[in-house]
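To keep things clear, I will list the structure first and then write my remarks on it.
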């Protein structure tokens, strides 16, 4: 009985000591947090706010919530003028049909760009926006500028080829499709573009082959499927 009392007493002491240590650790953690806050400089707070603003703006752009994205990128630009912020806000404005504001944002991004990679990215974004606005000639020029800076930019070859095709320049579109395939032979969109070009040229057998290759690489490429069906229909008419 005496032994049990001693054991109970020891356990109580251990429990009390453990609780005391827990409270002490919590107090130390609070003190460290308060010290960290007091040591935080205005620049630290600005950077934290900037990171949070960038994260929110990027999410809104990715989600396709362009109205909110414009507001979020505006907040970023209030904290820091940056190429990406102007470029992304330009893209969001373009998606909302605000092409004048988009042009202004892209121009500011180009002025701030410090290297070829940044400039190529802005030219590509502006070209995409101009293409969506039906300004094919200006889009072609922008994609060309991007390719001068980054010749290995696959999407620029594809986008310029598509713009050429929309402008009825099948030779230009053909050259860009072939350049894209030379750069990446397993690109489904490049094969699809080549198929669309060959269809426009009246080379339906070649169009079928190219579209089939595109669909082999990417079965869900619906526009390549449409191109394939149209080309097969043309071949059937020729046989008749």
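In our numbering, the protein residues as written are 293 to 532.
All residues carry an ideal CB built from backbone N, CA and C; glycine is no exception.
Find the nearest neighbour of residue 367 within the set 408, 344 and 355, judged by alpha-carbon distance.
-> 344
Secondary structure of residue 370, DSSP reduced to three states = helix
Hey, how far is the Cα of residue 461 from the Cα of residue 430?
-> 14 Å
What's the gap between the Cα of residue 521 and the Cα of residue 493?
-> 16 Å
Residue 444: beta carbon under 7 Å from a heavy atom of the ligand FAD?
-> Of the ligands one can find in the structure shown there are none, so the ligand FAD has no counterpart to examine.
Since residue 417 and residue 383 are thought to touch, with beta carbons under 8 Å apart, how far apart are those beta carbons, to the nearest angstrom?
-> 5 Å
From which residue to which residue does the alpha helix (DSSP H) around residue 517 run?
-> 514-531
Which runs of the alpha helix (DSSP H) fall wholly inside the segment 400-428 and span at least 4 residues, in chain order?
-> 408-424
Span of the alpha helix (DSSP H) around residue 479 | From DSSP, residue 479 is part of no alpha helix (DSSP H); its letter is neither H nor E.
Cut-off 7 Å between Cβ atoms - residues of its own chain near residue 466, not counting five sequence neighbours on either side = 489
Between the Cα of residue 529 and the Cα atoms of 333, 497 and 351, which residue gives the shortest distance?
-> 497
Tell me where the alpha helix (DSSP H) around residue 350 begins and ends.
-> 334-355
Backbone secondary structure at residue 451 - three-state DSSP | helix
From the DSSP output, in three-state form, read off residue 537 for me.
-> This structure cannot settle anything about residue 537, because the visible part of the chain is limited to 293 through 532.
Can you tell which of 500, 322, 392 and 406 has the C-alpha that lies nearest to the C-alpha of residue 376?
-> 406
Is residue 459 helix, strand or coil when you go by DSSP?
-> coil
Kindly list the residues whose CB is nearer than 7 Å to the CB of residue 526, restricted to its own chain and excluding five residues on each side of it in sequence; keep chain order.
-> 496
Chain-order list of residues whose beta-carbon lies under 8 Å from that of residue 444 (same chain, five-residue window excluded) = 475
Could you give the C-beta distance for residue 500 and residue 523, rounded to a whole number, given that I count them as a contact under 8 Å?
-> 5 Å
Alpha carbon of residue 315 to alpha carbon of residue 326, nearest angstrom = 17 Å
Residue 322 burial status per 10 Å Cβ neighbour count (16 or more: buried) | exposed
Is the distance from the Cβ of residue 374 to the Cβ of residue 348 below 8 Å?
-> no
From residue 399 to residue 320, what distance separates their C-alpha atoms?
-> 52 Å
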